[in-house]
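In full-length UniProt numbering, the protein residues as written are 1 to 154.
C-beta atoms are modelled at their ideal positions from N, C-alpha and C, and glycine is treated no differently.
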């Protein structure tokens, strides 16, 4: 499978591309996880939308905010792998792409995530450390995690 990476602002997405990413997020976060919450939260226009595409089909997605847009750190959220692509380590791939994008957008900034608590080990393997006690977000246990800024050799 040869995946392509696409990173775009909301207004650069076609109506079909926007439909696909919103449908994936709603299908997984609202329907599959049985968690009715306002998925369309008004933050998408300020975000960058990272998509892993398999011959044009959306395989995985993450939403990225540069430092200064939401806080003093860069932020990754809405990380999701399409059901038909699970078990292929695309969660790791989309996160590595998102981390790299954050490094380019906000050099020297830490990266923050709000992680579902059961995924602490996964995110820990990508360099994130827990910074909060467990809390409920939309009825699902979460923890805040950060990843230190990477040092660029001079």
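Would you grab the beta carbon distance between residue i and residue j for me? Rounded to a whole angstrom, and I think it's under 8 Å.
i	j	result
residue 134	residue 143	5 Å
residue 30	residue 17	Contact flag wrong, Cβ pair sits at about 20 Å.
Are the CB atoms of residue j and residue i within a distance shorter than 8 Å?
i	j	result
residue 66	residue 105	yes
residue 80	residue 5	no
residue 101	residue 50	yes
residue 72	residue 113	no
residue 98	residue 62	yes
residue 91	residue 128	no
residue 24	residue 82	yes
How would you call residue i, buried or exposed, if buried means at least 16 neighbouring beta carbons within 10 angstroms?
i	result
residue 141	exposed
residue 110	buried
residue 95	buried
residue 2	exposed
Going by CA-CA distance only, name the one from the options that's closest to residue i.
i	options	result
residue 147	11, 9 and 124	124
residue 137	18, 37 and 127	37
residue 47	74, 26 and 35	74
Under DSSP, the alpha helix (DSSP H) around residue i begins and ends at which residues?
i	result
residue 122	120-124
residue 108	No alpha helix (DSSP H) holds residue 108; DSSP gives it neither H nor E.
In the DSSP assignment, find the beta strand (DSSP E) that holds residue i and state where it starts and stops.
i	result
residue 6	3-9
residue 141	140-147
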